[in-house]
Amino acid sequence: MTRTRLLAAMIMTPLAIAAVLFLDTPWLVALAAVLFLAGLWEWFRLSEIDDTLHRAVLLVANLALMVAIVWASRSATGYSFVLFQVATVVGVIWWLLSMLWLKNFNFASDHDTHARMFKLAAGTLAVVPAWAALALIHGSQPNGHRWLLIALLVIWAADSGAYFAGRKFGKHKLSPRISPNKTVEGLVGGMLASVVIALAAAPFAGATVAQLPFVAIVVVVTVLFSVVGDLFESLLKRHVGAKDSGDLIPGHGGILDRIDSVLAALPVFALGKGLFGF
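Here is the structure:
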């Protein structure tokens, strides 16, 4: 499994990096919409929306929301990012509230209509703001494409660092009921790896020496939220008894299994970047 996982990562990672660095923002935003909506399709499965037509209608509704944000952002001089900023803040607020859901494991764990309603709303609040944050980071000037790459590298480093540090040093469970394999030691290892990578890469994106402490602060918070995103997807899977969100990616499960951390982390990184001005 580890070999398959590494091979898949070796294929996906260069493609993702190339897209971030070389695609113009409108094209990247369109590509990200396809990817994120694919993850949302799997979210519907975890929300027990089994009817394909119902899933398709819900997916079109979320696509329409994305299109409406882009259409309403047009101006005489180009595009305004105000609605993308609003959506990003909404996403951060949602992920803060989601911690209460994680604390109350049994909330919306049954299989009735009300549980589905909460989970469907959560899907929109997770996917659309993350997509907006991606557009906001990549479209920022100067070097927005480099900052988005750093954000993704931070998330990937946190995931990989936590995996290997957890396997070697993990003793204290982080959330045994939701994700038994996650450990406090893994979290610390992933955070250290992310901070090191961010501090090394930030100057190439234009960060000054004086800004590096603020970059480190944003990265630490971003990693913490990435774990929240990961745990929340694990919670959804626990509720329905699923091991993965899908089987599209060999060794990795579904699309949602790969972007769950990204969904929670990108709005936080975008907000932190805007607040600290790097």
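Number 1574 in my numbering belongs to position 217 of the sequence shown; there are no gaps in the numbering. Heads up, the beta-carbon is just placed ideally off N, CA and C, and yes, glycines get one too.
Through-space distance from residue j to residue i, alpha-carbon basis
i, j, result
"residue 1575", "residue 1601", "30 Å"
"residue 1379", "residue 1514", "22 Å"
"residue 1525", "residue 1537", "15 Å"
"residue 1588", "residue 1535", "7 Å"
"residue 1511", "residue 1447", "22 Å"
"residue 1471", "residue 1465", "7 Å"
"residue 1567", "residue 1552", "16 Å"
"residue 1452", "residue 1443", "15 Å"
"residue 1440", "residue 1489", "8 Å"
"residue 1617", "residue 1432", "33 Å"
"residue 1622", "residue 1521", "20 Å"
"residue 1565", "residue 1423", "34 Å"
"residue 1462", "residue 1592", "7 Å"
"residue 1481", "residue 1418", "10 Å"
Among the options, nearest to residue i - alpha-carbon criterion
i, options, result
"residue 1435", "1420, 1419 and 1383", "1383"
"residue 1583", "1544, 1565 and 1396", "1544"
"residue 1454", "1483, 1443 and 1394", "1483"
"residue 1427", "1615, 1386, 1558 and 1478", "1386"
"residue 1302", "1493, 1373 and 1632", "No answer is possible for residue 1302: the residues shown for the chain start at 1358 and end at 1635."
"residue 1612", "1370, 1397 and 1372", "1397"
"residue 1499", "1594, 1415 and 1559", "1559"
"residue 1586", "1391, 1409 and 1459", "1459"
CB-CB length for residue i against residue j, believed under 8 Å
i, j, result
"residue 1548", "residue 1577", "6 Å"
"residue 1487", "residue 1620", "4 Å"
"residue 1635", "residue 1572", "6 Å"
Residues that DSSP places opposite residue i in a beta bridge
i, result
"residue 1530", "1540"
List in chain order: all unbroken alpha helix (DSSP H) runs of 4+ residues lying wholly within the region 1399-1468.
If we require 4 residues or more, the alpha helix (DSSP H) runs fully inside the region 1399-1468 come out as 1409-1429 and 1439-1460.
Return the chain-ordered ranges of every alpha helix (DSSP H) run that is complete within the region 1472-1518 and spans a minimum of 4 residues.
Fully enclosed alpha helix (DSSP H) runs of 4 or longer: not present.
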